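Participant: Okay, here's the structure, questions in a sec.
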């Protein structure tokens, strides 16, 4: 109590740890009845461990708990532990942070020390090197340096998008639309705020309410949507459908709000307000396999544009769920059948499905070797039941449709954060918000620069003109730092010749080129969408 630990203390703590490693101290496991364990830790004043044991009794019916002894210190832990300290060959303490007990901001703030350990010093060194590279690529820093977005305490967990960032964001939304339309997706728009009755019908009120932003209108409870699915289900249920109409594929770049704890917020990667490339498909049982296959094809085609290759994971029923076991059996079997029919390799993540249905998660590995879960395809028999959705079958009887939840990029915010770090801010030419910067050498060249800009913009390129009264050297340096792919230098020679001097980021001077030739080349490069 009263001891404050800072990062300045970490070297001293590491030194003590090395002494313990050298001493080859053992970790001894034992089990104790819960009553005796409670008495022991109450006597030691270990209130947090007492609370954990009480929760194990209440939630899991625990009769015993496992303890680990290291010298005079006895810890409550499920384990396993390394047998002795000398097994720890290489480690490093990295940082200190505050953490609320059990993630509850109304509870005590504790001190958390982050560290890592490896089997060899070489593995540790390589890991620390990757961490340094990750710091250099941190999307929060690069986003600010590149003029893409800002964060503010006036709206925690929500990005303020600057013009360049908005261009990037909108480009991804348009990409989703462009790829979705020929695949039969119809874009819809649904409200942000719904009556609590809708959330009760969908199951969110019971299973997800703590993650929602709630309010009242005329003393009536309302909730901002954390997901688009209930609105799409309501929309589908508003009219009568025939089996001939199915599948119906609704897409919506929907704005969502989730009440994430403040301690979990992390730049664009964990936010409270975000936009998701959401879609919901309503189909027959017989159409499931083709629709899931179509979702996976769409995902693979999308990721290929960024040079990303996904791996697949089938997540099955969680403990907290809605719907009976028969529905879950059908849903899990249907997804597994679709995966096998497509000859996809996949792993099973037992118990990690959504509360309303099993799912296929798509993971990618970035340039630093980190795994990210991006897309998801979720099968849902439960929500159509809860909303009493139906279509008229070939037998003229009413049948229940199947609902498939589908997101490929996930939230655009998170996807942008991942892309920034994957590419170290050096985004593909077709995606980068500013493709060309025109740099006049002096004020007298600005008018010619504007003419060049007009021609390139008319060709469909994204162009900025830097007509500030700064030296050409500074303009080039700043354009390089902003990671602009193409810089065009215009001075007396270029005005006279009607050409531009081309400079490619990372490659330097590329010589002179006529504006029509340059425009055609760059438009072709942008259209190629090669990462």
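Numbering (this note's numbering), first residue to last: 1128 to 1658.
Yeah, the Cβ is synthetic: ideal placement off N, Cα and C, and Gly gets one too.
This one's a predicted model, so the numbers in the text were calculated from it and none came from an experiment.
(1) Out of curiosity, what's the CA-to-CA distance linking residue 1470 and residue 1490?
(2) According to the neighbour-count rule (16 or more other Cβ atoms, all chains shown, within 10 Å of its Cβ), is residue 1280 buried or exposed?
(3) Just to confirm, is the Cβ distance from residue 1273 to residue 1217 under 9 Å?
(4) Starting from residue 1286, follow its DSSP beta bridges and name the residues at the other end.
(5) Does the pairing of the stretch 1331-1340 with the stretch 1301-1309 give three or more beta-carbon distances under 8 Å?
(6) Is residue 1362 near residue 1411, with beta carbons less than 9 Å apart?
(7) For the alpha helix (DSSP H) that contains residue 1531, what are its first and last residues?
(8) So which of 1369, 1468, 1325, 1358 has the shortest CA-CA distance to residue 1348?
(9) Note the first and the last residue of the continuous beta strand (DSSP E) segment covering residue 1514.
(10) I need the boundaries of the alpha helix (DSSP H) containing residue 1235, first residue and last residue.
(11) Taking the runs of the alpha helix (DSSP H) that are 4 residues or longer, which of them lie wholly in the stretch 1283-1363?
(12) Using the Cα positions of residue 1468 and residue 1418, report the straight-line distance between them to the nearest angstrom.
(13) Can you tell me whether DSSP reads residue 1170 as helix, strand or coil?
(14) Are the CB atoms of residue 1637 and residue 1626 within a distance shorter than 9 Å?
(15) Count the CB pairs spanning the stretch 1500-1509 and the stretch 1365-1383 that are closer than 8 Å, and state whether there are at least three.
(16) Assign residue 1469 to one of three DSSP states: helix, strand, or coil.
(17) Figure out for me which residue from 1237, 1581, 1569 has the closest Cα to the Cα of residue 1094.
(18) In the structure shown, what three-state DSSP assignment does residue 1430 receive?
(19) Going by the CB atoms, is the gap between residue 1610 and residue 1552 shorter than 9 Å?
(20) Could you name the residues of the same chain whose beta carbon sits closer than 8 Å to that of residue 1180, not counting the 5 residues immediately before and after it, in chain order?
(21) Hey, would you say residue 1634 sits closer than 9 Å to residue 1628, going by beta carbons?
(22) Should the stretch 1547-1567 be regarded as contacting the stretch 1580-1599, the criterion being three or more beta carbon pairs within less than 8 Å?
(23) Can you tell me where the beta strand (DSSP E) with residue 1488 in it begins and where it stops?
(24) Tell me, please, which residues DSSP counts as bridged to residue 1503.
(25) Using a Cβ-Cβ cut-off of 9 Å, state whether residue 1297 counts as contacting chain D.
(26) Since residue 1153 sits in a beta bridge, which residues does DSSP pair it with?
(27) What residues match up with residue 1617 in a beta bridge as DSSP calls it?
(28) Given a cut-off of 9 Å, decide if residue 1505 and residue 1480 are closer than it, judged by their beta-carbon atoms.
(29) Evaluate residue 1403 with the Cβ neighbour count: other Cβ atoms within 10 Å of its Cβ, from every protein chain shown; 16 or more gives buried, anything less gives exposed.
(30) Less than 6 Å between C-beta atoms, sequence neighbours within five positions excluded: which residues of the same chain meet that for residue 1224?
(31) Shortest alpha-carbon distance to residue 1460 belongs to which of 1449, 1448, 1444?
(32) Which residue's Cα is closest to the Cα of residue 1597: 1573, 1645, 1396?
(33) Would residue 1214 pass as a contact of residue 1157 if the rule is Cβ separation under 9 Å?
(34) Which one of 1599, 1560, 1615 has the shortest CA to CA distance from residue 1290?
(35) Note the first and the last residue of the continuous beta strand (DSSP E) segment covering residue 1650.
(36) What separation, rounded to the nearest whole angstrom, lies between the Cα atoms of residue 1219 and residue 1242?
Facilitator: This is what the structure gives:
(1) Counting from one through the chain shown, the residue named residue 1470 turns up at place 343. Counting from one through the chain shown, the residue named residue 1490 turns up at place 363. If I take the Cα positions, the gap works out to 17 Å.
(2) In the chain shown, residue 1280 corresponds to position 153, counting from 1. By the 10 Å Cβ count, residue 1280 comes out exposed.
(3) Locating residue 1273 in the chain shown gives position 146, counting from the first residue. Locating residue 1217 in the chain shown gives position 90, counting from the first residue. Result no, Cβ atoms of residue 1273 and residue 1217 do not sit closer than 9 Å.
(4) Position 159 of the chain shown, counting from 1, holds the residue named residue 1286. According to DSSP, residue 1286 bridges with 1278.
(5) no
(6) Start at 1 with the first residue of the chain shown, and residue 1362 comes out as number 235. Start at 1 with the first residue of the chain shown, and residue 1411 comes out as number 284. No, these two residues do not count as a Cβ contact at 9 Å.
(7) Indexing the chain shown from 1 puts residue 1531 at position 404. Looking at the DSSP string, residue 1531 is not in any alpha helix (DSSP H); the run it does join, the beta strand (DSSP E), is 1529-1538.
(8) Taking the first residue of the chain shown as position 1, residue 1348 is located at position 221. When each option's Cα is compared against that of residue 1348, the closest is 1325.
(9) Residue mapping note: residue 1514 aligns to position 387 of the chain shown, counting from 1. Here residue 1514 belongs to no beta strand (DSSP E), and DSSP marks it neither H nor E.
(10) Residue mapping note: residue 1235 aligns to position 108 of the chain shown, counting from 1. It is not in any alpha helix (DSSP H) - residue 1235 carries neither H nor E in the DSSP assignment.
(11) 1290-1307, 1323-1329, 1331-1334, 1356-1363
(12) Residue numbering aside, residue 1468 sits at position 341 when the chain shown is read from its first letter. Residue numbering aside, residue 1418 sits at position 291 when the chain shown is read from its first letter. The alpha-carbon atoms of residue 1468 and residue 1418 are separated by roughly 12 Å.
(13) For the purposes of this step, residue 1170 is taken as residue 43 along the chain shown, with counting starting at 1. Helix, per DSSP.
(14) Position 499 of the chain shown, counted from the start, is the residue given in the question as residue 1626. Position 510 of the chain shown, counted from the start, is the residue given in the question as residue 1637. No; because the gap between Cβ atoms is not below 9 Å, this pair is not in contact.
(15) no
(16) Within the chain shown, the letter at position 342 stands for residue 1469. Of the three classes helix, strand and coil, the one that applies to residue 1469 here is coil, per DSSP.
(17) For residue 1094 there is no data in the structure shown, the boundaries of the chain being 1128 and 1658.
(18) Here residue 1430 refers to the residue found at position 303 when the chain shown is read from its first residue. Residue 1430 falls in the helix class under three-state DSSP.
(19) Stepping through the chain shown from its first residue, residue 1552 is reached at position 425. Stepping through the chain shown from its first residue, residue 1610 is reached at position 483. The answer is yes: Cβ separation under 9 Å.
(20) Here residue 1180 is taken as the residue at index 53 of the chain shown, counted from 1. Only 1161, 1164, 1165, 1168, 1189, 1192, 1203 meet the Cβ criterion.
(21) To locate residue 1634, count along the chain shown from 1; it is residue 507. To locate residue 1628, count along the chain shown from 1; it is residue 501. Against a cut-off of 9 Å, the Cβ pair of residue 1628 and residue 1634 comes out as no contact.
(22) yes
(23) Against the chain shown, residue 1488 aligns to sequence position 361. It spans 1486-1492 - the beta strand (DSSP E) in which residue 1488 sits, taken as one unbroken run.
(24) Along the chain shown, read from residue 1 onward, the residue named residue 1503 stands at position 376. DSSP, once it has assigned bridges, lists 1488, 1534 as partnering residue 1503.
(25) Of the chains in the structure shown, none is chain D; there is only one protein chain.
(26) As a working note, residue 1153 is residue 26 in the chain shown. For residue 1153, which the question treats as bridged, DSSP gives the partners 1211.
(27) Sequence index remark: in the chain shown, residue 1617 carries index 490 (1-based). Per DSSP, 1567.
(28) Residue mapping note: residue 1480 aligns to position 353 of the chain shown, counting from 1. Residue mapping note: residue 1505 aligns to position 378 of the chain shown, counting from 1. Yes, Cβ-Cβ distance for residue 1480 and residue 1505 is below 9 Å.
(29) As a working mapping, residue 1403 is identified with position 276 in the chain shown. Under this definition residue 1403 is a buried residue.
(30) As a first step, residue 1224 must be located in the chain shown, where it is residue number 97. These residues qualify, in order along the chain: 1239.
(31) Position 333 of the chain shown, counted from the first residue, corresponds to residue 1460. Among 1449, 1448, 1444, the Cα nearest to that of residue 1460 is on 1444.
(32) Translated into positions along the chain shown, residue 1597 becomes position 470. The candidate whose alpha carbon is nearest that of residue 1597 is 1573.
(33) Walking along the chain shown from the start, residue 1214 turns up at place 87. Walking along the chain shown from the start, residue 1157 turns up at place 30. No; because the gap between Cβ atoms is not below 9 Å, this pair is not in contact.
(34) The residue you call residue 1290 lines up with position 163 of the chain shown. Among 1599, 1560, 1615, the Cα nearest to that of residue 1290 is on 1560.
(35) Mapped onto the chain shown, residue 1650 falls at position 523. Unbroken run through residue 1650 is the alpha helix (DSSP H), 1642-1655; no beta strand (DSSP E).
(36) Residue mapping note: residue 1219 aligns to position 92 of the chain shown, counting from 1. Residue mapping note: residue 1242 aligns to position 115 of the chain shown, counting from 1. Cα-Cα distance, rounded: 6 Å.
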